[in-house]
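Using numbering that gives the first Met the number 0, you'd call the opening residue of the sequence shown number 0 and step up by one each time. Glycine included, C-beta positions come from ideal geometry on N, C-alpha and C. Notes to accompany the following structure.
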Amino acid sequence: MEFKDVTVRLLSRTPEDYVGQGVRLQGWVRTHRDQSEVIFIGLNDGSFYNNFQIVASDALSNVEEVRKMTLGSAFEVKGVLQESQGAGQKYDIDAQEITILGLASSDNPIQNKRHSFEFLRTLPHMRMRTNTFMAVFRVRSLLAHAIHTFFQDNNFVYVHTPIITSADAEGAGDLFRVTTIEPRKHKTDKQGNIKWQRELLGRRSYLTVSGQLNVEPFCTAFRNVYTFGPTFRAENSNTPRHANEFWMIEPEIAFGDLEVNMDLAEDMTKYMIRYVLEHAPEEMEFFNSRIDKGLIDRLQNVLNNEFGRVTYTEAIKLLEASGRKWEYPVEWGSDLQTEHERYLAEEYFKKPVFVTDYPEKIKAFYMRHNEDGETVRAMDLLVPGVGELIGGSQREERLDVLFAAMEKHGLEPEDYQGYVDIRRFGTFVHSGYGLGFERAVMYMTGMKNIRDVIPYPRTPKNVIF
Ligand code: 4AD
Ligand code: MG
Numbered sequence: 000m001e002f003k004d005v006t007v008r009l010l011s012r013t014p015e016d017y018v019g020q021g022v023r024l025q026g027w028v029r030t031h032r033d034q035s036e037v038i039f040i041g042l043n044d045g046s047f048y049n050n051f052q053i054v055a056s057d058a059l060s061n062v063e064e065v066r067k068m069t070l071g072s073a074f075e076v077k078g079v080l081q082e083s084q085g086a087g088q089k090y091d092i093d094a095q096e097i098t099i100l101g102l103a104s105s106d107n108p109i110q111n112k113r114h115s116f117e118f119l120r121t122l123p124h125m126r127m128r129t130n131t132f133m134a135v136f137r138v139r140s141l142l143a144h145a146i147h148t149f150f151q152d153n154n155f156v157y158v159h160t161p162i163i164t165s166a167d168a169e170g171a172g173d174l175f176r177v178t179t180i181e182p183r184k185h186k187t188d189k190q191g192n193i194k195w196q197r198e199l200l201g202r203r204s205y206l207t208v209s210g211q212l213n214v215e216p217f218c219t220a221f222r223n224v225y226t227f228g229p230t231f232r233a234e235n236s237n238t239p240r241h242a243n244e245f246w247m248i249e250p251e252i253a254f255g256d257l258e259v260n261m262d263l264a265e266d267m268t269k270y271m272i273r274y275v276l277e278h279a280p281e282e283m284e285f286f287n288s289r290i291d292k293g294l295i296d297r298l299q300n301v302l303n304n305e306f307g308r309v310t311y312t313e314a315i316k317l318l319e320a321s322g323r324k325w326e327y328p329v330e331w332g333s334d335l336q337t338e339h340e341r342y343l344a345e346e347y348f349k350k351p352v353f354v355t356d357y358p359e360k361i362k363a364f365y366m367r368h369n370e371d372g373e374t375v376r377a378m379d380l381l382v383p384g385v386g387e388l389i390g391g392s393q394r395e396e397r398l399d400v401l402f403a404a405m406e407k408h409g410l411e412p413e414d415y416q417g418y419v420d421i422r423r424f425g426t427f428v429h430s431g432y433g434l435g436f437e438r439a440v441m442y443m444t445g446m447k448n449i450r451d452v453i454p455y456p457r458t459p460k461n462v463i464f
């Protein structure tokens, strides 16, 4: 008999094409039930979050070994696809030959039972062997591809901005230091200042908090550009939505104002949703039924509606008029808290909403100043379930206004030389934003904790492996 190489995904999508035929698969034991005459093995081959049932009988020459196969063991099976006698599945594989490739130790921490997400976080190198995490990390991979495809198809040039940088892009001070000098070996001058020039790179440097300042200069040449890379924030935020290492996508568009910026963010978000629904229908069905009931309807609803747009000042009025008791007071001039963002996106607009024109005081120095002297052309995209998905702005393109803003924020112009220069050598209106990639994965999957959408999460007091 001939055994055709197939995948579980293929067998799950079009089993009829293979009934009565010989198939060959490699994978791992996810479930194992020994019912003496027959042994049922749930095989996972990596192509699908679900397992495929293999039925082994004592017709196999090595049936006693197969009986003792432990969870996690790697094996190859040749067999015939048949309609299943059992209730759990329509089809299974009648094994003709099973080759054990690598027997797992019997103390495998991933057992065939429901493990809590908290427990699985202690095993970042193992948890992708469970169906939820297989679905999450496949969607994560697809989403990255969708984003690149969207920008490349729209003629954006991908720029690899540096991970080590000498400037604090957000001016917020949440920086991880990069140093080659051992802490106690830092030399100081007579005033006690550290001699940073002794660093390997010749000056103080950090892990980047955002690629924005490095990608903006590229839009002066290519017009439309984007970065997609890791970013690092040393903030001590222990929440389900903050990580100390996360990925960000940052487009920058020349000759586009905040309206154009919002249009781009809306198009991109809808593209991501459409792409994942189309390319991972089974995974999305899984999330919809097991993780977040109503997820698919909610995403469809996003596709079919225009995003809301409201200014910060209007948003404050809506929050005041809500009749709610807020834990954090609503007050013009203070930042929106999670409870406020959720109210706006989930209850008032019931869809994604852009909040624009925030008070200058609570936003970064580079945002374009409005005529009112109090607000800047900022935009945050708030989405139901996740809160802030995107943060961006039109950029301050006027040199004198930028200098004044840097002074107000206590920043040294010499640390931002390259950024200042692009206002001197042919300035123009431009805008951009940052999409938090993990938040996008959360939004698409309904997963509630950022630690469960990052392969190896780094959060306060937590770095495993
Ligand atoms: O709003 P943020 O801080 O904006 C910037 O960094 C700008 N330089 C972007 C730009 O205009 N090019 O961050 C952008 C997004 C947020 O909306 C959020 O989705 C995500 O990055 N983000 C985080 N995600 C996970 N953990 C954190 N600690 C995050 N901080 C921001
Ligand atoms: Mg933000």
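Helix, strand or coil: how does DSSP classify residue i here?
i	result
Glu-277	helix
Gln-211	helix
Val-419	helix
Glu-75	strand
His-408	coil
Arg-240	coil
Ser-140	helix
Ile-162	coil
Leu-317	helix
Asn-287	helix
Phe-245	strand
His-31	strand
Ser-115	coil
Ile-109	coil
Write down the C-beta distance between residue i and residue j rounded to the nearest angstrom, noting that I regard them as a contact closer than 8 angstroms.
i	j	result
Leu-212	Ala-166	6 angstroms
Leu-302	Arg-273	6 angstroms
Arg-137	Ala-279	6 angstroms
Gly-210	Glu-234	Contact flag wrong, Cβ pair sits at about 18 angstroms.
Could you tell me whether any non-hydrogen atom of the ligand MG is closer than 6 angstroms to the CB of residue i?
i	result
Gly-391	no
Within its chain, find whatever has a CB closer than 6 angstroms to the CB of residue i; leave out the 5 residues flanking it on each side and keep chain order.
i	result
Asn-107	Leu-70 and Gly-71
Gln-88	Gln-52
Gly-26	Leu-42, Asn-43 and Asp-44
Take residue i and list the residues in its own chain whose beta-carbon comes closer than 8 angstroms to its own, dropping the five residues that flank it on each side.
i	result
Asp-256	Arg-376, Gln-393, Val-428 and Ser-430
Thr-129	Ile-109, His-114 and Leu-119
Leu-24	Asp-4, Val-5, Thr-6, Val-7, Leu-42, Asp-44, Phe-51, Glu-75, Val-76 and Ile-92
Glu-36	Ser-56 and Asp-57
Leu-388	Thr-268, Pro-351, Leu-380, Leu-381, Val-382, Leu-434, Gly-435, Arg-438, Ala-439 and Tyr-442
Any heavy atom of the ligand 4AD closer than 6 angstroms to the Cβ of residue i?
i	result
Tyr-432	yes
Phe-245	yes
His-408	no
Arg-367	no
Arg-438	yes
Ser-11	no
Arg-232	yes
Gln-211	yes
His-241	yes
Glu-387	yes
Glu-249	yes
Gly-322	no
Does the beta-carbon of residue i, which I'm using as the reference point, lie nearer than 6 angstroms to any heavy atom of the ligand SAH?
i	result
Gln-52	Annotation note on the ligand SAH: not contained in the displayed structure, which lists the ligand 4AD and the ligand MG as its ligands.
Taking CB distances under 7 angstroms as the criterion, tell me whether residue i reaches chain B.
i	result
Ala-220	The structure shown has no chain B; it contains just one protein chain.
Please determine if the stretch 61–71 and the stretch 138–151 are in contact, where contact requires at least 3 C-beta pairs separated by less than 8 angstroms. The stretch 61–71 vs the stretch 138–151: no contact.
Within 8 angstroms, do at least three Cβ pairs link the stretch 180–199 to the stretch 250–268? Short answer: they don't touch.
For the stretch 344–356 against the stretch 283–292, are there 3 or more C-beta pairs whose distance is under 8 angstroms? no
With contact counted as at least three CB pairs below 8 angstroms, one residue from each stretch, are the stretch 173–183 and the stretch 398–417 in contact? no
Between the stretch 150–158 and the stretch 222–241, can you find at least three pairs of beta-carbon atoms closer than 8 angstroms? yes
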